[in-house]
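Numbers -5 to 232, taken from this note's numbering, label the letters of the sequence shown in order. Worksheet: the structure to be examined is printed underneath.
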Amino acid sequence: MNLISSTSLYIGIIIILIIILSQAIQIIREYERAVIFRLGRVVGAKGPGIILIIPIVDRVVKVSLRTINLDVPAQEVITRDTVPIKVNAVIYFRVIDPVKAVISVENYISATSQIAQTTLRSVLGERDLDTFLSQREKINQTLQQIVDEQTDPWGVKVTTVETKDVELPENMRRAMAKQAEAERERRAKVIHAEIFMKNKKSTVPSLKRSLKNNLIRGGNSPENPYYWQFNQKDNDIE
-5 MNLISSTSLY
5 IGIIIILIII
15 LSQAIQIIRE
25 YERAVIFRLG
35 RVVGAKGPGI
45 ILIIPIVDRV
55 VKVSLRTINL
65 DVPAQEVITR
75 DTVPIKVNAV
85 IYFRVIDPVK
95 AVISVENYIS
105 ATSQIAQTTL
115 RSVLGERDLD
125 TFLSQREKIN
135 QTLQQIVDEQ
145 TDPWGVKVTT
155 VETKDVELPE
165 NMRRAMAKQA
175 EAERERRAKV
185 IHAEIFMKNK
195 KSTVPSLKRS
205 LKNNLIRGGN
215 SPENPYYWQF
225 NQKDNDIE
């Protein structure tokens, strides 16, 4: 009986040790870091690879260091020239300081999205619609710089902010379509005129030479049937 009790005790101890050991060993992937809290205080970030912690005493928060792409919902913006538009965007960012990302903000992904939304409305509201449409690359860089400055205390690095779709009022879309159509027609007329002048310059000299040769062969006199035709063409050309 005592032997059975001792065996059961040993088995129980072994099971407990296995559980404790399994909790003490943590495997951190290459793209992760483990922020360690010991009795509520931050010890630091560890990883990648195998790390050892103290069960019950330590708490582990894993943070991914991979670049995150986040869609920014469409924002309603009134431009400086009072045009109502809707603009959405995409933002690319990554954690460069895991400890700050955990202790400085409750949810760094949500917070970065909120900062991007407010910055998008603010920056576009300070510019005319034409400026936004013609200088989108420059505005994207401005957005990236502002959002990156705001998220830096959280250990988050914003690498890219790109505006995507722009929704304009219906009447403005129609006006822009008409303007684009008029511009295409104007360019087509210019190209047609250039081709016409080029063809005229290439055909007129050859026609003059042909008439002149016929005039020489028939004699330069009013009796020559090419005499009047040559002079008429010459006058037309002049």
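Glycine included, each C-beta is placed from N, C-alpha and C at the ideal position.
Around the Cβ of residue 118, a 10 Å sphere holds 16 or more other Cβ atoms; the residue is buried. Annotated three-state conformation of residue 32 is strand, per DSSP. Residue 14 holds the alpha-carbon nearest to the alpha-carbon of residue 47 among 26, 14, 59. The three-state reading of DSSP puts residue 102 in helix, counting H, G and I together.
When C-alpha distances from residue 154 are compared across 37, 61, 24, the shortest belongs to 61. Counting only residues of its own chain and dropping the five nearest sequence neighbours on each side, residue 43 has a CB closer than 7 Å to the CB of 22. Pairwise C-beta distances place the stretch 108 to 116 in contact with the stretch 66 to 86, as three or more of them are shorter than 8 Å. Annotated three-state conformation of residue 4 is helix, per DSSP. Judged by beta-carbon spacing, residue 105 lies within the 8 Å limit of residue 99, meaning their Cβ atoms are closer than that value.
Residue pairing by DSSP places residue 51 opposite no residue, since no beta bridge is assigned to it. Look at residue 160 here: in three-state DSSP terms it is strand.
Under a 10 Å Cβ-count criterion, residue 140 is classified as buried, with 16 or more other Cβ atoms of the shown protein chains found around its own Cβ. DSSP places residue 90 in the coil class of the three-state scheme, outside both helix and strand.
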